[in-house]
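Protein chains: 2
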Amino acid sequence: MKTAFNTLKLVYLGIDTQKENVVFMRKDCHICKSEGFEAHNRILVTANNHSIIATLFIITNGIIKDGTAGLSDSAYEDLNAKEGDELSFSHVQPVASMRSIRSKMYGKELNDNDLQNIIDDIVKGQYSNIEIAAFITACAGDNLNIHEIIGLTKAMVNSGKKLSWNKPIVVDKHCVGGLPGNRTTPIVVAIITQYGLTIPKTSSRAITSPAGTADTLETITEVNLDINQIKKVVEKENGCFVWGGSIKLSPADDILIRIERALDVDSEGQMIASVLSKKIAAGSTHVVIDIPIGKTAKVRTEEDAEKLRYYFHVVGKSMGIEVKVLFTDGSQPIGRGIGPSLEAMDVLSVLRNEKEAPQDLRNKALYIAGAIIDLANTQSKENGFNTAEKILSSGKAYEKFTAICKAQGGFKEPEYAIYKKDIYADKSGIVTEINNRKLAKVAKLAGAPHDSKAGVMLQTPLNTPLNKGDLLFSIYAETEGELKYAVEYLKTEPNIILIH
Amino acid sequence: MKTAFNTLKLVYLGIDTQKENVVFMRKDCHICKSEGFEAHNRILVTANNHSIIATLFIITNGIIKDGTAGLSDSAYEDLNAKEGDELSFSHVQPVASMRSIRSKMYGKELNDNDLQNIIDDIVKGQYSNIEIAAFITACAGDNLNIHEIIGLTKAMVNSGKKLSWNKPIVVDKHCVGGLPGNRTTPIVVAIITQYGLTIPKTSSRAITSPAGTADTLETITEVNLDINQIKKVVEKENGCFVWGGSIKLSPADDILIRIERALDVDSEGQMIASVLSKKIAAGSTHVVIDIPIGKTAKVRTEEDAEKLRYYFHVVGKSMGIEVKVLFTDGSQPIGRGIGPSLEAMDVLSVLRNEKEAPQDLRNKALYIAGAIIDLANTQSKENGFNTAEKILSSGKAYEKFTAICKAQGGFKEPEYAIYKKDIYADKSGIVTEINNRKLAKVAKLAGAPHDSKAGVMLQTPLNTPLNKGDLLFSIYAETEGELKYAVEYLKTEPNIILIH
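First to last, the protein sequences are chains A and B. For the first sequence, the numbering used here gives the first residue as 543, with consecutive numbering after it. For the second sequence, the numbering used here gives the first residue as 543, with consecutive numbering after it.
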C-alpha cells in the first residue's frame, strides 16, 4: 500500500522546544533512507493536507517504535495533529525569499515585493531560527533606509488581521521603551476613554526588558482577548488594554521578537515597522509616540531621537496616519517597580490618587494623555494636559480603569514574589546617576518577566539624599536560584546607583 | 546531601542533532524550577569538572525518569560524559563578545581584540546557532574592512594549532571555488612533491558546493589524519592531501562553515580570513590562490576578483607570507564529474595520462603547479609550466600520487552510485552556456556531497556540437528519493545547458 510505505504514525513525545518545530525520526527509518534525510535537515511534514517545516532530530536509541515519528509540542500544535495521524515527509525547497536577504547582506536595497515575500514566508513558518537571525541582523542598526522601512511596515500590515471601528478618529500611543517601569499605558487609556475618545490599545510583551505593558496588565486583568472580545470591550468602554500577539495583528513581528530577544538586538527599522504596522492594523488614525532619551535608555541622544522622529513621521504619513512624537526624560526609571507585578502596583497607586504614588509616573501619563487629546482636537483651544489632570484627580479615571478590567474579564490585585533581598547604600550622599540597563538586568536575572511577581522595587530616584545603610532597592524572586543569581550579578556591578 | 539536590543523573537518549548541543530535562524537575529554566534557554551543563553550553528542551511526557536528564549525541561527546554521570546545571552568563557583534550591526569597526574574543568564544562553544548566524550576517558581503579581515585572520590562527616544518620554503595553493569539478589539488600536490617542494596540503569539505577537495579525496584514500600522521606522510613524501578540519588548524572556521552552509552565505572577509589562517597555521610561506571568474562562478566579474586579489595580497603581506593570485576561466565546470566520486574519476584519468582525460582539468592543474614552481623560485629562469608538464607526462606524478595515498592509509578506486538518470538534448545545436550554480544544485539534490558517489557526470562542455537526443549528462544518486528530487528540479530549470 502506497500510503503505508510513505507515511509514519505520529506518537506523542511531550517535548517542549518553545516555538522551534522539531520532528523526531528513527535513524533506521525507511523514509529517512529513501529521501536522504540527515539530522538538522529542514523537512516538510504533512498531516491531513496541512504542512509545516521542522528541523529533523534523529533518534538512534529506540525511544520511538519502528514506523512512527514524533513532533515537538509546537510542531504538534502548528500541524493541528493528533496521536496516530499519518505523517508524510519531503525535502523542503529552499526558501526563495532568503535570496533577497543574501542580496541585502551585499548592500542591495529590498523592495516592497522582496519584503512582502520575506514576511509572508516568516509567517508561514518557512524560516529556520538561523535564517530569521540572518534577516534581523541584515536589517539591524540603521541598515534599512526609509523606503525599506515603509515596505516592511506595509508587508507587516498585509500579513495579519486588520480591525476597523467605524469612527472618524481612533487614537493610540506607543513608548519606544528602554526605560524600566515606564508603565503609562493603563493610566492613559483610562483617562482617554473617560474623555470620550476611542483607544483600542494593544500592547506587547517584553522583548529585552523586564516587563512589557501586556506582562504588567496581566497581573491585574485578562489580556489575551480575541478580536470579538476586544470589539465588545471597546464598544462598551471606548477602549481596552490587551496583548497584541493574541489577535495576530502583526504575526511576523511576534516571530521576529523571539529571535531579537535571544540576540538582544533591537533594530531601528524593524522597530518602526513593528510599531506602526500594529497601530495601522488596529485601525488607528492618530498616534502619539513617546521616546524617552537618556544615557542608559534605549535612545541615548537627542540626535538618535530626531532620526527616529523623522522616520515615524515619514512612514506614518506614507501610510495615511497622523503621528506626533514626544521626547521625554529617560535618565531614570519611571515609578518604583521594575517587573510586571511591581509596575502594576505603581499604576494602581497613581490611578487611586494615593499620596505616596510615584509623581513622575503620574506626570508622564498626564503629559501623554494631554498630547493625545491635543492631537485629536487640532481646532480646539482646550489644554489637553489640564483636561487629563482633572479626569485623573476626580477618581473617574480609576473608575473607568476598573470598568475596563471587568469588561476584559476581571480585576485582581498584583502580588509580591516570595523571596526578597534588600540592598542598602554603602555610603552617605546624594543619588547622582542610575544605570537603567543594569537595573533592568537585575530584575531580569531575578526572573522578570517570566515570573510576573519578580523584579526590583527602587526606593531612591535621582537626587535622593541618603545615609549609609538606607534602603536603595529590594529584589523580588520566585526561586532562591534566581534571587542568588541577581545578587551575584550585583556584586560584579557595584555602581548601578551612583552616590556622591 | 547537597550534590544529590543539585544534580541529575545522565541517561542516554540517542538523539542526533548534528552539532547542536541540546539538554533534555523534565518539566517537573526541581532544578528547572529552582533555577527558573525555560524551554530554549541556554544552560551551562557540567559533569566531571567539564562544562558545555546547551539549549534546553523540556520533556513533558515521562520519556526520562525523575532525577535524570538527557543530552543530544553531540553534547554527550563534547562533555565526554557517560550514562550515570552526575550533571549539574546553571544559567549561562550572556556571552560578552556578542556585544561587539551588536556594535558591528550599528557600523562600529571590530578591533583585533573584539575579533579574538568572538573567535575564542565560538571555539569554546559559547555561541548558539542564531548568535553564529548573526556574526556571519554582520560580516557578510563586504561588511569587513581590511583591518577587520587581518584581525579575523590573526584571531583564527591564534585559536587553533600551528604546524612547523623546519624548511625555508613551504608552498600551498587554494581555489576560491564556485566551479563544479575543479579538482586540481591532488594533481598539483603530486607534481609539486615530485618536483621536490614541500606542500602539506589541507583541504576543506564542501560548504555550499557538491564536493570539497577533502570529500573527493576521501573516495580514493584516507583524509582524516592527525598531526603526527601528517608529519610522517610529509616527511616521507614531501606533501599530503588531508582534511583540514581533523587537525583543528582553524577550529572556528569549521563551526562557522556549518551555519554558512545552512544560510547558503559566503562572506568575502570571512573567506579570506578562513583561507589564509589555514595556510599560515599549516606553516606555509608561499601560497598561490586561484580565482575562477565566470557569470555563474562564485566570483562573477574581474572587478570583484581584483578586490579579492587586493585583500589577499594585503592580508598575506601583513601576516608575513608571499601570496600570488591567479585569475582563471570560470565559465564552465572543469572536468566532467560533479560530486566526490565522479570528480575523483577525472583526477585519476589525468594522472594516468589517459587519452580521454579531461584536458581542461589537466591544463589548469599544470598552470597552477607551474605558478607555484615560479613563485618558489623567483631567481630562476625555469618555466614552471613546462617543468610541471614533464613531470605529469612522464607518469612520475601518478606514481607519487599513489605513494602519498599509501602513506595516508591506502588507495581505492572511486565508484558510481546505484541509481542513474540520463538527460538528453531536446534539440540540435551548439552548447553556448552552462549554468554552474544550477548544475551544482542538481548534483546536491542528487545527494552530493553527503552521498559521495552521487552527482552529475557532464558530457558536453561549451561549444560541443549536438544532435537532438545526444546525452548531455547523467545524474547519479544513492536513493530513489534523491534521484527523483533532482529530476523534478531539472523540470523547473530547462535551461541549465543552453543549446543554440
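Yeah, the Cβ is synthetic: ideal placement off N, Cα and C, and Gly gets one too. For clarity, every value in this text was computed on a predicted model and none was experimentally measured.
Contacts of residue i in chain A (Cβ-Cβ under 7 angstroms)
i	result
Asn-603 (chain B)	Tyr-554, Leu-555 and Gly-556
Tyr-1027 (chain B)	His-633
Start-to-end residues for the beta strand (DSSP E) that takes in residue i
i	result
Leu-552 (chain B)	549-554
Met-999 (chain B)	997-1000
Tyr-966 (chain A)	961-966
Val-587 (chain A)	584-589
Asp-871 (chain A)	864-871
Ala-1019 (chain A)	1013-1019
Pro-742 (chain A)	741-745
His-828 (chain B)	828-835
Whole-angstrom distance between residue j and residue i, CA atom to CA atom
i	j	result
His-633 (chain A)	Tyr-852 (chain B)	41 angstroms
Glu-580 (chain A)	Asp-993 (chain B)	11 angstroms
Glu-760 (chain A)	Val-731 (chain A)	15 angstroms
Ala-907 (chain A)	Ile-876 (chain A)	10 angstroms
Gly-881 (chain B)	Arg-904 (chain B)	18 angstroms
Glu-802 (chain B)	Gly-1011 (chain A)	54 angstroms
Met-543 (chain B)	Thr-744 (chain B)	Annotation note: pLDDT 32 at Met-543 (chain B) (below 50); position unreliable, no value reported.
Met-861 (chain B)	Ser-826 (chain B)	11 angstroms
Ala-990 (chain B)	Tyr-1018 (chain B)	9 angstroms
Ile-914 (chain A)	Thr-602 (chain B)	47 angstroms
Thr-549 (chain B)	Leu-1004 (chain A)	44 angstroms
Glu-1024 (chain A)	Lys-980 (chain B)	53 angstroms
His-828 (chain A)	Pro-710 (chain A)	10 angstroms
Thr-545 (chain A)	Arg-568 (chain B)	Reliability of the predicted coordinates at Thr-545 (chain A) is poor, the pLDDT of 39 falling under 50, and no value is obtained from them.
Leu-890 (chain A)	Ile-1039 (chain A)	26 angstroms
Asn-780 (chain B)	Gly-738 (chain B)	7 angstroms
Ile-972 (chain A)	Ile-1041 (chain A)	5 angstroms
Thr-920 (chain A)	Glu-864 (chain A)	11 angstroms
His-855 (chain B)	Lys-954 (chain B)	39 angstroms
Asp-795 (chain A)	Leu-798 (chain B)	28 angstroms
Glu-577 (chain B)	Val-984 (chain A)	15 angstroms
Lys-715 (chain B)	Ala-623 (chain B)	40 angstroms
Glu-777 (chain A)	Ser-792 (chain A)	23 angstroms
Arg-842 (chain A)	Asp-832 (chain A)	14 angstroms
Ala-967 (chain A)	Phe-869 (chain A)	32 angstroms
Glu-957 (chain B)	Leu-884 (chain B)	8 angstroms
Asp-656 (chain A)	Lys-849 (chain A)	25 angstroms
Presumed contact (8 angstroms Cβ cut-off) between residue i and residue j, rounded CB distance
i	j	result
Pro-742 (chain B)	Ala-824 (chain B)	6 angstroms
Phe-631 (chain B)	Asp-558 (chain A)	About 17 angstroms; that fails the 8 angstroms criterion.
Val-589 (chain A)	Leu-555 (chain A)	Residue identity differs from the one stated: residue 589 (chain A) is Ala in this sequence, not Val. That belief does not hold up - the Cβ atoms of Ala-589 (chain A) and Leu-555 (chain A) are roughly 15 angstroms apart, past 8 angstroms.
Asp-654 (chain B)	Lys-696 (chain B)	6 angstroms
Ile-678 (chain A)	Val-807 (chain A)	6 angstroms
Leu-621 (chain A)	His-592 (chain A)	6 angstroms
Arg-878 (chain B)	Gln-1001 (chain B)	7 angstroms
Gly-811 (chain B)	Cys-681 (chain B)	6 angstroms
Lys-1033 (chain B)	Pro-752 (chain B)	Going by Cβ atoms, the distance from Lys-1033 (chain B) to Pro-752 (chain B) rounds to 20 angstroms, so no, they are not a contact pair.
Contacts that residue i makes with chain B (C-beta to C-beta distance below 7 angstroms)
i	result
Met-647 (chain A)	Thr-679, Ala-682, Gly-683 and Val-807
Phe-599 (chain A)	Ile-557, Asp-558 and Thr-559
Chain B contact residues for residue i, given Cβ-Cβ distances below 9 angstroms
i	result
Arg-644 (chain A)	Ala-682, Gly-683, Leu-805, Asp-806 and Val-807
Ile-594 (chain A)	None at all; the shortest Cβ gap to chain B is about 18 angstroms.
Per-residue contacts from residue i into chain A (C-beta, under 9 angstroms)
i	result
Gln-874 (chain B)	Chain A residues near Gln-874 (chain B): none, gap ~23 angstroms exceeds 9 angstroms.
Contacts of residue i in chain B (Cβ-Cβ under 8 angstroms)
i	result
Gln-560 (chain A)	Glu-580, Ala-581 and His-582
Asp-615 (chain A)	Thr-602
Ile-1079 (chain A)	Within the shown structure, residues of chain A are numbered from 543 to 1042, placing residue 1079 (chain A) beyond reach of any answer.
Span of the alpha helix (DSSP H) around residue i
i	result
His-855 (chain A)	844-860
Ala-949 (chain B)	938-950
Against chain B: residues of the stretch 795-809 of chain A by CB proximity under 9 angstroms: For the stretch 795-809 of chain A, which is checked against every Cβ of chain B, the residues closer than 9 angstroms are Arg-800, Ile-801, Ala-804, Leu-805, Asp-806, Val-807 and Ser-809.
Where the stretch 990-1005 of chain B meets chain A: residues whose CB sits under 9 angstroms from a CB there: Cβ proximity to chain A below 9 angstroms picks out His-992, Asp-993 and Ala-996 from the stretch 990-1005 of chain B.
Members of the stretch 834-864 of chain A that neighbour chain C once the beta carbon cut-off is set at 7 angstroms: Among the protein chains in the structure shown, which are A and B, there is no chain C.
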